[in-house]
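Q:
Numbering (my numbering), first residue to last: 357 to 623.
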């Protein structure tokens, strides 16, 4: 009889221990499911984490209908977060690389006859994405689209160093003298402006050049040549932040890999 009681006691003890472990695991899982409110808002791509802090502090963010102003506040994935009364949806972040063709606008011109780059990536994702920098209608080459506000802001910052390589064509041959002037740097608006490197393209006419630049976009490149009375008639971005268009035909796009995304985020 005592033996039977001992068996039942052992059984109850095991059940209690197992139940305790289960409760502990659920507690850990629930804790791990929680995310800081500012990070959640930032991850949606609408603003940076620092900007999210300012919105929270201003009292324009609610969680399940209750205003939250605490910086360290954490939420669960099931919580309803609203910003200025509008529900915030945590979309999947998309990163798309397009080889832009000539005569395509960066505007989303749905009701006009003007060609838009958005028509070329319309099947890439269901999320709304936008270009991280500018290429003119006549410019061609690599262009990144994303709904990641933080990455877009970082790439667009004048302080961010991004290696870009352009193949350009001028309206006339670039003289050796002017080539050396550009290499030495031009005095523009009180500052010395130049490229990281510039050279004639091998076995091509002297009006075709390769330019490497780490700050400023296609407009900056054009401006340098305009100072010396040259006009850029063609500009093609063939390298951008570690990305190339070697396997990407004109008008085609592809999604960036995790490694490529991480490289851009580390710029």
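All C-beta atoms in this analysis are idealised placements derived from N, C-alpha and C, irrespective of residue type, glycine included. On a predicted model such as this, the values are computed, not experimentally measured, just so you know.
Buried or exposed for residue 399, please, with buried defined as at least 16 other CB atoms from any protein chain shown within 10 angstroms of its CB.
A: Translated into positions along the chain shown, residue 399 becomes position 43. It is buried - the Cβ of residue 399 has at least 16 other Cβ atoms within 10 Å.
Q: Comparing C-alpha positions only, which one of 404, 618, 622 and 436 sits nearest to residue 509?
A: Indexing the chain shown from 1 puts residue 509 at position 153. Residue 404 is the option with its Cα nearest to residue 509.
Q: Compare the C-alpha of residue 518 against each of 621, 460, 476 and 471 and name the closest.
A: The residue given as residue 518 occupies position 162 in the chain shown. Per the Cα distances, 621.
Q: Which whole-angstrom value describes the C-beta separation of residue 498 and residue 455, a residue pair presumed to lie in contact below a C-beta threshold of 8 Å?
A: In the chain shown, counting from the first residue as 1, residue 498 sits at position 142. In the chain shown, counting from the first residue as 1, residue 455 sits at position 99. Indeed they touch by this definition, with Cβ atoms about 7 Å apart.
Q: Of the residues 420, 425, 426 and 442, which one's Cα is nearest the Cα of residue 432?
A: The sequence position of residue 432 within the chain shown is 76, counting from 1. Cα-wise, what sits closest to residue 432 is 420.
Q: Is it buried or exposed, residue 596, if we count other Cβ atoms within 10 angstroms and call 16 or more buried?
A: Your numbering for residue 596 matches position 240 in the chain shown. So residue 596 counts as buried.
Q: What are the boundary residues of the beta strand (DSSP E) that includes residue 450?
A: Within the chain shown, numbered from 1, the residue matching residue 450 stands at position 94. Neither: residue 450 is in no beta strand (DSSP E) and is coded neither H nor E.
Q: Look at the alpha carbon of residue 534 and the alpha carbon of residue 584, and state the distance between them as a whole number of angstroms.
A: In the chain shown, counting from the first residue as 1, residue 534 sits at position 178. In the chain shown, counting from the first residue as 1, residue 584 sits at position 228. Each residue's alpha carbon lies about 7 Å from the other.
Q: Just reading off the alpha helix (DSSP H) that residue 509 is part of, what are its end residues?
A: Translated into positions along the chain shown, residue 509 becomes position 153. Residue 509 -> alpha helix (DSSP H) spans 505-512.
Q: If I follow the unbroken alpha helix (DSSP H) through residue 549, where does it start and stop?
A: Taking the chain shown and counting its residues from 1, one reaches residue 549 at position 193. First-last for residue 549: 547-549, but that is the beta strand (DSSP E), not the alpha helix (DSSP H).
Q: From 487, 429, 524 and 435, pick the residue whose C-alpha is nearest to that of residue 589; which is it?
A: Your numbering for residue 589 matches position 233 in the chain shown. If we check each option's Cα against that of residue 589, 524 comes out closest.
Q: Going by CA-CA distance only, name the one from 392, 539 and 425 that's closest to residue 548.
A: Your numbering for residue 548 matches position 192 in the chain shown. Nearest option by C-alpha distance: 539.
Q: Please classify residue 555: does DSSP put it in a helix, a strand, or coil?
A: Residue mapping note: residue 555 aligns to position 199 of the chain shown, counting from 1. Residue state, collapsed to three classes: strand.
Q: Hey, would you say residue 489 sits closer than 8 Å to residue 470, going by beta carbons?
A: Here the question's residue 489 lines up with position 133 in the chain shown. Here the question's residue 470 lines up with position 114 in the chain shown. Their beta carbons are not under 8 Å apart, which means residue 489 does not touch residue 470 by this criterion.
Q: Taking the C-alpha atoms as reference points, what is the distance between residue 592 and residue 531?
A: One-based indexing of the chain shown puts residue 592 at position 236. One-based indexing of the chain shown puts residue 531 at position 175. Rounded to whole angstroms, residue 592 to residue 531 spans 21 Å at the Cα level.
Q: Just to check, is the beta-carbon of residue 575 closer than 7 Å to a non-hydrogen atom of the ligand NAP?
A: Looking at this structure, you won't find the ligand NAP or any other ligand, since it has none at all.
Q: Quick one, which of 574, 485, 474 and 521 has its alpha-carbon nearest residue 507's?
A: Along the chain shown, read from residue 1 onward, the residue named residue 507 stands at position 151. Of 574, 485, 474 and 521, the residue nearest in Cα terms is 485.
Q: Roughly how many angstroms separate the alpha carbons of residue 526 and residue 587, rounded to a whole number?
A: The residue you call residue 526 lines up with position 170 of the chain shown. The residue you call residue 587 lines up with position 231 of the chain shown. Going by the C-alpha atoms only, they are around 6 Å apart.
Q: Rounded to a whole number of angstroms, what is the C-alpha to C-alpha distance between residue 439 and residue 452?
A: Taking the first residue of the chain shown as position 1, residue 439 is located at position 83. Taking the first residue of the chain shown as position 1, residue 452 is located at position 96. Rounded to the nearest angstrom, the two C-alpha atoms are 27 Å apart.
Q: Which residues in the same chain as residue 463 place their Cβ atom closer than 7 Å to its Cβ, once the five residues preceding and following it in sequence are excluded?
A: Within the chain shown, numbered from 1, the residue matching residue 463 stands at position 107. Hits under 7 Å: 472.
Q: Taking Cβ to Cβ, would you say residue 446 is nearer than 8 Å to residue 481?
A: In the chain shown, the residue the question calls residue 446 occupies position 90. In the chain shown, the residue the question calls residue 481 occupies position 125. Taking 8 Å as the Cβ cut-off, residue 446 and residue 481 do not qualify as a contacting pair.
Q: Take residue 607 as the anchor and find which of 436, 393, 477 and 562 has the nearest alpha-carbon.
A: As a first step, residue 607 must be located in the chain shown, where it is residue number 251. When only C-alpha atoms are compared, the closest one is 477.
Q: Kindly identify the DSSP beta-bridge partner or partners of residue 565.
A: If you number the chain shown from 1, residue 565 lands on position 209. Partner(s): 524 and 556.
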